[in-house]
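Chemist: Protein chains in written order, with our numbering: chain L, 1 to 223; chain U, 1001 to 1306. Even for Gly, the Cβ is constructed at its ideal location relative to N, Cα and C.
(1) Could you tell me whether any Cβ in chain L is nearer than 7 Å to the Cβ of residue 1238 of chain U?
(2) What I want to know is whether the C-beta of residue 135 of chain L ends up closer than 6 Å to one or more non-hydrogen atoms of the ligand GDP.
(3) Tell me, please, whether the stretch 1056 to 1075 of chain U touches the stretch 1088 to 1097 of chain U by the rule of three or more beta-carbon pairs shorter than 8 Å.
(4) Exposed or buried, which one is residue 1094 of chain U when buried takes at least 16 other CB atoms within 10 Å?
(5) Listing by chain order, which chain U residues have their CB less than 7 Å from the CB of residue 73 of chain L?
(6) Can you check whether the CB of residue 1157 of chain U is closer than 7 Å to the CB of residue 1031 of chain U?
(7) Please report the straight-line C-alpha distance between residue 1114 of chain U and residue 1128 of chain U, rounded to a whole angstrom.
(8) Residue 1121 of chain U to residue 8 of chain L, Cα distance in whole Å?
(9) Roughly how many whole angstroms lie between the Cα atoms of residue 220 of chain L and residue 1048 of chain U?
(10) Is residue 97 of chain L helix, strand or coil by DSSP?
(11) Return the CA-CA distance between residue 45 of chain L and residue 95 of chain L, expressed in angstroms with no decimal places.
(12) Determine whether the Cβ of residue 129 of chain L lies closer than 7 Å to any Cβ atom of chain U.
(13) At which residues does the alpha helix (DSSP H) containing residue 1011 of chain U begin and terminate?
(14) Mind checking which residues open and close the alpha helix (DSSP H) that includes residue 1056 of chain U?
(15) Taking only beta-carbon positions, decide if residue 1152 of chain U is within less than 7 Å of chain L.
(16) Please check if any C-beta of chain U sits within less than 7 Å of the C-beta of residue 132 of chain L.
(17) So, is the C-beta of residue 185 of chain L closer than 7 Å to a C-beta in chain U?
(18) Under a Cβ-count criterion, where at least 16 other Cβ atoms within 10 Å of its own Cβ denotes burial, should residue 1003 of chain U be classed as buried or exposed?
(19) Please classify residue 65 of chain L: is it buried, with 16 or more other beta-carbons within 10 angstroms of its beta-carbon, or exposed?
(20) Starting from the Cα of residue 1234 of chain U, find the closest Cα among U:1168, U:1080, U:1202 and give me that residue.
(21) Could you spell out the range, first to last residue, of the beta strand (DSSP E) harbouring residue 139 of chain L?
(22) Measure the alpha-carbon distance for residue 1182 of chain U versus residue 1096 of chain U and round it to whole angstroms.
(23) Distance check for residue 90 of chain L and residue 77 of chain L, CA to CA, integer angstroms please.
(24) Residue 1133 of chain U and residue 1101 of chain U look like a contact to me (Cβ under 8 Å); what is the Cβ gap, rounded to whole Å?
(25) Using the rule of at least 16 other Cβ atoms within 10 Å of the residue's Cβ for burial, across every protein chain shown, is residue 1253 of chain U buried or exposed?
(26) Short of 8 Å Cβ to Cβ, which residues in the stretch 76 to 109 of chain L face chain B?
(27) What does the alpha-carbon distance come out to for the pair residue 177 of chain L and residue 1119 of chain U?
(28) Should residue 1261 of chain U go down as buried or exposed, given a rule of 16 or more other Cβ atoms within 10 Å for buried?
(29) Would you decide whether residue 1269 of chain U is buried or exposed? Buried here means 16 or more other CB atoms lie within 10 Å of its CB.
(30) Are the stretch 43 to 57 of chain L and the stretch 99 to 113 of chain L in contact at 8 Å, needing three or more beta carbon pairs?
(31) Does the CB of residue 39 of chain L have a neighbour CB from chain U at under 7 Å?
(32) Starting from the C-beta of residue 188 of chain L, find all residues in its chain whose C-beta is less than 8 Å away, skip the five residues before and the five after it, and write them out in chain order.
(33) Could you list which residues in chain L have their beta carbon closer than 7 Å to that of residue 1053 of chain U, in chain order?
(34) Shortest alpha-carbon distance to residue 26 of chain L belongs to which of L:4, L:63, L:34?
(35) At the 7 Å Cβ level, is residue 1294 of chain U part of the contact set with chain L, yes or no?
(36) Please determine if the stretch 197 to 205 of chain L and the stretch 1007 to 1026 of chain U are in contact, where contact requires at least 3 C-beta pairs separated by less than 8 Å.
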């Protein structure tokens, strides 16, 4: 993996653990941005070290702080459970053994909000605050959240990527990475595109009106 | 990747040293130019961002030195202030810099344990070492914030060499991956801040990392406090010793790249019980068991073997 100098010296964060606190906060924030709304209910399923030592490391509060939209260095992090209660966010924490191949710092978030489709995200905190989203709604991804990113839920129809990349070409947005995964041929698919810089609003509007696009999220780089 | 120049990238210390030699510049300069090439940002803005990180580091040291109360677990708090006071006393052992360096390392980790704001360098559990070393250079060598920002690019440059081949997470590689890496980064940063060569910086990093090999991650209760707080103070001093050896012209027989491979190998063979699971070592001593890990679901948990 290609590290930045600021992966090594950083992130700026609330303690005590870059993997268990800052990484967890970044996972929560990315999940919230994928949901596109403040969640009303969140089920957080923890594996391995996340489950075993999570409270002492404030992993629970960090995940929820991210879900509330806070950056990993926001001093509101330690009080996130109280803030969630006040905001009417219903939380359920459970443990699950995700198997020997699962990274020790893994979590699955199942989120719902009144005005947004539900979301299920599996992620791991890899150390030093670096995270990876392995799975969004059952689609395999390798999203790290460090770049501007488009996440497209769409029908698996020919021409989708050609149209999408044509729009990006028109506004001169360079594609860094692109990955499509699908539930089956001709069924539903998810495309994740990382770009060098944000996609302008008018292009986003055009993309969101593509006929086979079910849902589109535009994510800024994570703090 | 339109602006990237791939010839500035490196995945080993050997390649890093070739680049330093070819361009006639320091590890810090190569790390800075690489970052600029890969992100498309100008060097001035990257240096400014690193300077902001240094400001957070200094605030963390200051904040930690002011701590008098115990952490929520009761396992730390107040020792940074004790060391700092001892350093200011009449006759501190080996002069004031030794105790002060340790105090700075303690300070960041004490603040970290109390939900303070720190810079993970490279992780939170090892966040005291690089700041402690740079703050000591401020005290003893008049290091200013601009030079500190460059020294942080030296540290990042070495961190990138390590991170390409080995993990930083204690859960994957043990404490050697966290404190060992931080110590290697700090040692190299000290060398370049002192005007040493890139080869000396890599030797200092190799010495620092080589002499942390095998160090396990067994903190009591899973809290980032015992031994982490004292370890950050002690290994800041270790970094100064590694830098001193390299500046004196001592060469590390095992080059940094090989030490990194050894660190990764040892980390892979290290039992899970000793990798941030609170399942062995200090965590399962009679003392350690008095502070059991707190699982998120709140079920009573013996510190379990994993």
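Modeler: Quick look at the numbers:
(1) no
(2) Although the ligand GDP was asked about, the structure shown includes no ligands whatsoever.
(3) no
(4) exposed
(5) 1117
(6) yes
(7) 14 Å
(8) 6 Å
(9) 21 Å
(10) coil
(11) Straight-line spacing of the CA atoms in residue 45 of chain L and residue 95 of chain L works out to 5 Å.
(12) yes
(13) Residue 1011 of chain U -> no alpha helix (DSSP H), and no H or E assigned at all.
(14) 1043 to 1065
(15) yes
(16) no
(17) no
(18) With a pLDDT of 44 at residue 1003 of chain U, under the threshold of 50, the modelled position of that residue is not reliable, and the figure given next carries that caveat. Flag for residue 1003 of chain U reads exposed.
(19) buried
(20) U:1080
(21) 139 to 143
(22) 23 Å
(23) So the two alpha carbons sit approximately 17 Å from each other.
(24) 7 Å
(25) exposed
(26) Considering every chain present, this structure includes no chain B. Its protein chains are L and U.
(27) If you take the alpha carbons of residue 177 of chain L and residue 1119 of chain U, they lie about 29 Å apart.
(28) So residue 1261 of chain U ends up on the exposed side.
(29) exposed
(30) The stretch 43 to 57 of chain L makes contact with the stretch 99 to 113 of chain L: 3 or more CB pairs, one atom from each, lie closer than 8 Å.
(31) no
(32) 153, 154, 155, 156, 182, 214
(33) 9, 10, 12
(34) Looking at the Cα atoms, L:63 is the closest of the given residues.
(35) yes
(36) Verdict: no, contact absent.
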